[in-house]
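Residue numbers (the numbering used here): 7 to 321. The C-beta atom is built at its ideal place from N, Cα and C for all residues, glycine as well. Since we're looking at a predicted model, the values are computed, not measured. Right, one structure below, let's go through it.
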Ligand code: BT5
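In structure tokens, the structure reads:
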């Protein structure tokens with residue numbers, strides 16, 4: 007949303023406010039005010055005009071302006087009803103020099119997971135990518151994957167869904183021994199060893215999606231399935247972005263917060279690493295995101311790989 011439209015919307019939120027007053031306050035013409043109000047109406051804001059002036063009656067359910075409206079984080083939002091992949095779009099924006107942009111979609115037609123796996127993204131989800139340019143060395147970038155897992159876990163819990171984190175990038179809901187995948191995170195980046203140029207954190211949340219429409223083998227779940235009713239995607243997305251914004255600025259607190267929500271610690275795990283599988287008990291996480299595993303032959307610190315929680319051996 008452009009700066010002036012933002013200010014018109016903010017003024018309407020405090021309204022009622024008359025057209026001439028708005029024009030004076032924002033130092034624009036009355037017809038410019040009218041155009042901005044019309045544009046907001048086109049985006050789904052219900053703006054009534056009565057004797058006292060313009061009154062904002064309702065905010066659209068989802069979309070760029072809906073998420074920007076009242077968002078307490080410095081991101082602008084680019085919204086698509088349907089797009090191949092928000093990560094791919096965010097990478098293009100990175101190449102154009104952009105930053106602090108969130109690409110958000112209702113549906114993705116070519117969503118991607120890690121190792122080029124497919125990510126199913128039917129309409130009703132929260133599929134988004136955050137593009138930003140942190141001033142950190144490349145080696146620290148994995149902390150942003152952890153930060154997004156923490157952020158989305160907090161937002162899910164506020165929405166009433168008891169989510170937890172499986173190292174390194176899954177947010178899931180546990181029912182007894184069973185783990186259902188709620189969220190996937192894909193972080194991409196570019197830069198030199200000593201400095202990151204950009205990071206794109208892609209977060210895929212099964213929000214108002216029927217798990218039956220998702221691949222069975224992943225044992226998927228969704229916010230709506232867990233809650234028994236749809237989630238307000240606008241508020242959910244705002245809380246997610248606000249938490250992420252605060253964590254990305256204070257990466258020291260990320261590891262601590264991550265430990266609080268992790269299901270992986272204390273479990274027997276098997277991690278597929280490029281150097282072969284590693285099995286043992288996951289005992290800790292280290293900045294910026296490595297898993298510490300106690301194996302039969304000693305302690306291993308693993309920075310990336312697919313992780314499987316093994317069933318505890320019952321004797
Ligand atoms: C991930 O990969 O979990 C990262 C997914 C990141 C998706 C977001 S959406 C916004 C942004 N734009 C993109 O194009 N991507 C990001 P991975 O750990 O490799 O898991 C992939 C596996 O999860 C697949 O092989 C399926 O088995 C399973 N899967 C696919 N779609 C799913 C879904 N919607 N819910 C649960 N599991 C799913």
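Alpha carbon to alpha carbon, what distance is there between residue 106 and residue 80?
Taking the straight line joining both Cα atoms gives about 7 Å.
When you compare only the Cα positions, how much space is there between residue 128 and residue 214? Near 9 Å, if we compare the C-alpha coordinates of residue 214 and residue 128.
* **C-beta contact flag for residue 312 and residue 289 at 8 Å** => Against a cut-off of 8 Å, the Cβ pair of residue 289 and residue 312 comes out as no contact.
Margin query: Am I right that residue 109 and residue 84 are in contact with their C-beta atoms under 8 Å? What's the rounded C-beta distance?
Written below: Their Cβ separation, rounded to whole angstroms, is 5 Å, which keeps residue 109 and residue 84 in contact under 8 Å.
- Item | Check: residue 197 C-beta below 7 Å from any heavy atom of ligand 1 | No.
Check your understanding: If you count every other CB in all the chains shown that lies within 10 Å of the CB of residue 103, and 16 or more means buried, which is it?
Key -> Exposed is the call here.
| message | Could you check if residue 223 belongs to the surroundings of ligand 1, using beta carbon to heavy atom distance under 7 Å? | response | Taking 7 Å as the cut-off, the C-beta of residue 223 counts as close to a heavy atom of ligand 1.
Practice task
Give a yes or no on whether the C-beta atoms belonging to residue 267 and residue 171 are separated by under 8 Å.
Solution key: Closer than 8 Å, so yes.
Contact defined as beta carbons within less than 8 Å: I believe residue 77 pairs with residue 18. What is the distance between those atoms, to the nearest angstrom? The pair is not a contact, with the Cβ atoms about 16 Å apart (cut-off 8 Å).
So, with DSSP's three-state summary, where would you put residue 25?
Looking at residue 25 - three-state DSSP - the assignment turns out to be helix.
- prompt: Within 10 angstroms of its Cβ, does residue 305 collect 16 or more other Cβ (buried), or is it exposed?
  reply: Answer is exposed; the Cβ neighbour count stays below 16.
Next on the checklist: Starting from residue 306, trace the beta strand (DSSP E) in both directions and tell me its first and last residue.
Outcome noted: Here the beta strand (DSSP E) through residue 306 covers 304-308.
What number of angstroms, rounded off, separates the C-alpha of residue 321 from the C-alpha of residue 314? Residue placement at residue 321 is flagged as unreliable, the pLDDT there being 45, under the threshold of 50; the coordinate-derived value follows with that caveat. Per the coordinates, the alpha-carbon of residue 321 lies some 21 Å from the alpha-carbon of residue 314.
| field | Cα-Cα separation, residue 32 to residue 24 | value | Cα to Cα, residue 32 sits roughly 12 Å from residue 24.
For residue 166, count the other beta carbons within 10 Å of its own beta carbon; 16 or more makes it buried, fewer makes it exposed. Which is it? Residue 166 comes out exposed.
Compare the beta carbon distance of residue 253 and residue 260 with 8 Å and say whether it is the shorter of the two. Against a cut-off of 8 Å, the Cβ pair of residue 260 and residue 253 comes out as a contact.
| query | How do the stretch 140-154 and the stretch 230-238 stand: do at least 3 beta-carbon pairs fall below 8 Å, yes or no? | reply | Three or more beta-carbon pairs separated by less than 8 Å are not found between the stretch 140-154 and the stretch 230-238, which leaves the two stretches without contact.
- 7 Å CB neighbourhood of residue 205 in its chain, flanking five on each side removed: So the list reads 138, 140, 147, 150, 193 and 195, once near-sequence residues are dropped.
inquiry  = Closer than 7 Å to a non-hydrogen atom of ligand 1 - does that hold for the CB of residue 325?
reply    = This structure leaves residue 325 out entirely; the chain is present only between 7 and 321.
Cross-strand partners of residue 138 (DSSP beta bridge) = Among the bridge pairs identified by DSSP, residue 138 is matched with 205.
Next on the checklist: Closer than 7 Å to a non-hydrogen atom of ligand 1 - does that hold for the CB of residue 173?
Outcome noted: For residue 173, the CB stays at least 7 Å from every heavy atom of ligand 1.
First and last residue of the alpha helix (DSSP H) that includes residue 251?
Unbroken alpha helix (DSSP H) run through residue 251: 239-255.
From the DSSP output, in three-state form, read off residue 297 for me. Residue state, collapsed to three classes: strand.
Check whether the Cβ of residue 214 sits closer than 7 Å to any heavy atom of ligand 1, and report yes or no.
In this structure, the C-beta of residue 214 stays at least 7 Å away from each heavy atom of ligand 1.
Nonlocal neighbours in the same chain, by C-beta distance under 7 Å from residue 186, ignoring five residues either side: Here the set comprises 178, 179, 225, 226 and 227.
Expected contact under 8 Å - CB spacing of residue 156 and residue 211 to nearest Å | Taking C-beta atoms under 8 Å as the contact rule, residue 156 and residue 211 fail to qualify, at a distance of about 14 Å.
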